[in-house]
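Heads up: the structure comes next, in structure tokens.
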Amino acid sequence: MTVGQNIRALRKKKGLTQAQLGKLCGITGPMLSGYERGETLPKKKALESIAKALEVPASRLTELPERGRTSVVQTESSRLLLEGILEALKAEYGCAERKTVGNGDASESYYLIGFPPKRFVLYEKDLRAMAEAARASAVPQAESVRRRQAWELQKLG
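Each residue of the sequence shown is one higher than the one before, counting from 1 in our numbering.
Okay, structure coming up:
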């Protein structure tokens, strides 16, 4: 789950509206709404205020599901694939800037892609999905190239 999804789930579990939680932690309802929708990520001080109001440790807001706890960059090939995806995004949108929320084991990375007003956020789970899609399409694309080359050789021979 994202930071925003964690905030929303814990807020609802407490039976609070965004306005009520905002009042408890000194943050406006619209700002909380932006956090929950993933449009913006809370800075450390805001994250701590929200956690205190929800009566949970701040690390609870940045927790990832067990499956998502492993970093995107697990192997050299994964690192290179991720770098390639980020370079393609940077070439297309002009910016792919890595940010981190939280600290230590409870940190979550995300990427700001593009520039305002067309800026958007990609989380590590989004990049994992892109990497999996690239891996899944690599073999069929390679097979297509192999068949085309075989056909061209056959045509020549």
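Note that CB positions come from ideal geometry on N, CA and C, so glycine has one too. These numbers come from a predicted model, not from an experiment.
Beta-bridge annotation (DSSP): Lys-99 is paired with Tyr-110.
One thing to note: Glu-36 has its Cβ within 8 Å of the Cβ of Gly-4. Ile-113 is not a Cβ neighbour of Leu-80, given a cutoff of 8 Å.
Here DSSP, grouped into helix, strand and coil, assigns Val-56 to coil.
According to the DSSP assignment, Leu-122 belongs to the beta strand (DSSP E) that extends over 120-123.
Ranked by how close their Cα comes to the Cα of Thr-100, the residues Thr-40, Gly-22, Ala-53 have Thr-40 in first place.
Note that the C-beta distance between Leu-86 and Tyr-111 is below 8 Å.
Out of Gly-15, Leu-16, Glu-124, the CA that lies nearest to the CA of Glu-97 is found in Glu-124.
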